[in-house]
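J.:
In the numbering used here, the protein residues as written are 8 to 142.
#1: Please determine if the stretch 52-64 and the stretch 73-92 are in contact, where contact requires at least 3 C-beta pairs separated by less than 8 Å.
#2: Report, in whole angstroms, the separation of the C-beta atoms of residue 111 and residue 59, which I expect to be a contact under 8 Å.
#3: Evaluate residue 32 with the Cβ neighbour count: other Cβ atoms within 10 Å of its Cβ, from every protein chain shown; 16 or more gives buried, anything less gives exposed.
#4: Kindly indicate which residue of 18, 9 and 56 has the alpha-carbon position closest to the one of residue 138.
#5: Which residue's Cα is closest to the Cα of residue 83: 105, 72 and 92?
#6: If contacts are defined as beta-carbon pairs under 8 Å, then residue 101 and residue 48 qualify, I think. What distance do you get, rounded to the angstrom?
#7: Can you tell me the Cα-Cα spacing of residue 21 and residue 15, whole angstroms?
#8: Within its chain, find whatever has a CB closer than 6 Å to the CB of residue 85; leave out the 5 residues flanking it on each side and keep chain order.
#9: Write down the C-beta distance between residue 41 and residue 50 rounded to the nearest angstrom, noting that I regard them as a contact closer than 8 Å.
#10: Which value, in whole angstroms, describes the spacing of the CA atoms of residue 29 and residue 38?
#11: Thinking just about the alpha-carbon of each residue, which of 13, 72 and 115 is nearest to the one in residue 141?
#12: Given residue 27, which residues of its chain have a CB within under 8 Å of its CB, disregarding the five upstream and five downstream residues?
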(Lines of atoms letter the chains of each structure in order from A and count residues from 1; the text may use other names and numbers.)
(Lines give C-alpha, C1' and ligand atoms only; values in the text may rest on other atoms or scores of the structure.)
Protein backbone atom coordinates (compact mmCIF):
# COMPACT_ATOMS: atom_id res chain seq x y z
CA UNK A 1 0.00 0.00 0.00
CA UNK A 2 2.92 2.35 0.59
CA UNK A 3 3.75 2.35 -3.12
CA UNK A 4 0.56 4.36 -3.67
CA UNK A 5 1.61 7.03 -1.18
CA UNK A 6 5.32 7.15 -2.07
CA UNK A 7 4.87 9.71 -4.88
CA UNK A 8 3.34 12.14 -2.36
CA UNK A 9 6.72 12.40 -0.65
CA UNK A 10 8.06 14.37 -3.63
CA UNK A 11 7.33 18.09 -3.91
CA UNK A 12 7.17 18.03 -7.72
CA UNK A 13 4.43 15.38 -7.58
CA UNK A 14 2.35 17.37 -5.09
CA UNK A 15 2.61 20.46 -7.32
CA UNK A 16 1.57 18.42 -10.36
CA UNK A 17 -1.37 16.97 -8.45
CA UNK A 18 -2.46 20.44 -7.31
CA UNK A 19 -2.24 21.75 -10.87
CA UNK A 20 -4.30 18.82 -12.16
CA UNK A 21 -7.00 19.41 -9.53
CA UNK A 22 -7.17 23.15 -10.26
CA UNK A 23 -7.30 22.68 -14.03
CA UNK A 24 -9.90 19.90 -13.86
CA UNK A 25 -12.14 21.97 -11.58
CA UNK A 26 -11.98 25.05 -13.80
CA UNK A 27 -12.50 22.98 -16.96
CA UNK A 28 -15.55 21.26 -15.45
CA UNK A 29 -17.24 24.57 -14.66
CA UNK A 30 -16.31 26.33 -17.90
CA UNK A 31 -17.02 23.22 -19.99
CA UNK A 32 -20.54 22.91 -18.61
CA UNK A 33 -21.26 26.56 -19.41
CA UNK A 34 -19.84 26.29 -22.92
CA UNK A 35 -21.82 23.14 -23.75
CA UNK A 36 -25.05 24.65 -22.42
CA UNK A 37 -24.47 27.69 -24.65
CA UNK A 38 -24.03 25.40 -27.67
CA UNK A 39 -20.39 26.33 -28.26
CA UNK A 40 -18.73 22.99 -27.55
CA UNK A 41 -16.15 23.48 -30.33
CA UNK A 42 -14.95 26.88 -29.05
CA UNK A 43 -12.39 25.45 -26.62
CA UNK A 44 -10.70 23.43 -29.31
CA UNK A 45 -10.74 26.38 -31.70
CA UNK A 46 -9.29 28.88 -29.21
CA UNK A 47 -6.58 26.48 -28.06
CA UNK A 48 -5.50 25.82 -31.64
CA UNK A 49 -5.74 29.52 -32.44
CA UNK A 50 -3.19 30.20 -29.70
CA UNK A 51 -0.63 28.15 -31.64
CA UNK A 52 0.37 30.90 -34.11
CA UNK A 53 0.67 33.32 -31.18
CA UNK A 54 3.12 31.02 -29.42
CA UNK A 55 5.18 30.55 -32.57
CA UNK A 56 5.16 34.29 -33.29
CA UNK A 57 6.27 35.01 -29.72
CA UNK A 58 9.09 32.50 -30.15
CA UNK A 59 10.20 34.10 -33.42
CA UNK A 60 10.07 37.58 -31.83
CA UNK A 61 11.79 36.29 -28.65
CA UNK A 62 8.85 37.36 -26.50
CA UNK A 63 6.90 35.63 -23.74
CA UNK A 64 5.00 32.61 -25.07
CA UNK A 65 2.00 33.13 -22.81
CA UNK A 66 1.53 36.69 -24.01
CA UNK A 67 1.62 35.59 -27.65
CA UNK A 68 -0.86 32.79 -26.97
CA UNK A 69 -3.18 35.13 -25.08
CA UNK A 70 -3.17 37.79 -27.77
CA UNK A 71 -3.82 35.25 -30.53
CA UNK A 72 -6.65 33.63 -28.54
CA UNK A 73 -8.36 36.95 -27.78
CA UNK A 74 -8.03 38.15 -31.38
CA UNK A 75 -9.52 34.87 -32.62
CA UNK A 76 -12.41 35.02 -30.13
CA UNK A 77 -13.16 38.59 -31.20
CA UNK A 78 -12.87 37.52 -34.84
CA UNK A 79 -15.36 34.69 -34.29
CA UNK A 80 -17.85 37.15 -32.80
CA UNK A 81 -17.30 39.68 -35.57
CA UNK A 82 -17.58 37.19 -38.43
CA UNK A 83 -20.66 35.47 -37.02
CA UNK A 84 -22.47 38.82 -36.66
CA UNK A 85 -21.35 40.57 -39.85
CA UNK A 86 -21.43 37.67 -42.29
CA UNK A 87 -24.73 36.34 -40.94
CA UNK A 88 -23.38 32.84 -40.66
CA UNK A 89 -23.83 30.50 -37.74
CA UNK A 90 -21.34 30.81 -34.91
CA UNK A 91 -20.12 27.23 -35.32
CA UNK A 92 -19.30 27.96 -38.97
CA UNK A 93 -17.26 31.01 -37.96
CA UNK A 94 -15.50 28.92 -35.31
CA UNK A 95 -14.60 26.24 -37.87
CA UNK A 96 -13.29 28.70 -40.44
CA UNK A 97 -11.14 30.65 -37.99
CA UNK A 98 -9.99 27.45 -36.27
CA UNK A 99 -8.64 26.06 -39.54
CA UNK A 100 -7.24 29.38 -40.73
CA UNK A 101 -5.35 30.28 -37.57
CA UNK A 102 -3.95 26.79 -37.12
CA UNK A 103 -2.78 26.74 -40.74
CA UNK A 104 -1.09 30.10 -40.19
CA UNK A 105 0.61 28.67 -37.10
CA UNK A 106 1.90 25.70 -39.08
CA UNK A 107 3.21 28.08 -41.73
CA UNK A 108 5.07 30.11 -39.08
CA UNK A 109 6.34 26.94 -37.42
CA UNK A 110 7.75 25.70 -40.74
CA UNK A 111 10.04 28.74 -40.87
CA UNK A 112 11.90 27.53 -37.76
CA UNK A 113 14.97 25.45 -38.53
CA UNK A 114 15.72 22.38 -36.40
CA UNK A 115 14.32 21.10 -33.11
CA UNK A 116 13.35 23.75 -30.58
CA UNK A 117 12.97 22.25 -27.10
CA UNK A 118 11.52 25.42 -25.55
CA UNK A 119 8.71 25.63 -28.05
CA UNK A 120 7.84 21.93 -27.93
CA UNK A 121 7.76 21.88 -24.13
CA UNK A 122 5.43 24.88 -24.08
CA UNK A 123 3.10 23.46 -26.71
CA UNK A 124 2.82 19.96 -25.31
CA UNK A 125 3.54 20.64 -21.66
CA UNK A 126 4.93 18.51 -18.89
CA UNK A 127 2.78 18.38 -15.78
CA UNK A 128 5.57 17.18 -13.50
CA UNK A 129 7.59 20.33 -14.20
CA UNK A 130 4.90 22.56 -12.63
CA UNK A 131 6.47 25.15 -10.34
CA UNK A 132 4.99 27.01 -7.39
CA UNK A 133 4.73 30.13 -9.57
CA UNK A 134 2.65 28.20 -12.11
CA UNK A 135 0.07 27.41 -9.46
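Glycine included, each C-beta is placed from N, C-alpha and C at the ideal position.
T.: Short version:
#1: yes
#2: About 5 Å; that satisfies the 8 Å criterion.
#3: exposed
#4: 18
#5: 105
#6: 5 Å
#7: 6 Å
#8: 104
#9: 6 Å
#10: 14 Å
#11: Nearest of 13, 72 and 115 to residue 141, Cα basis: 72.
#12: 134
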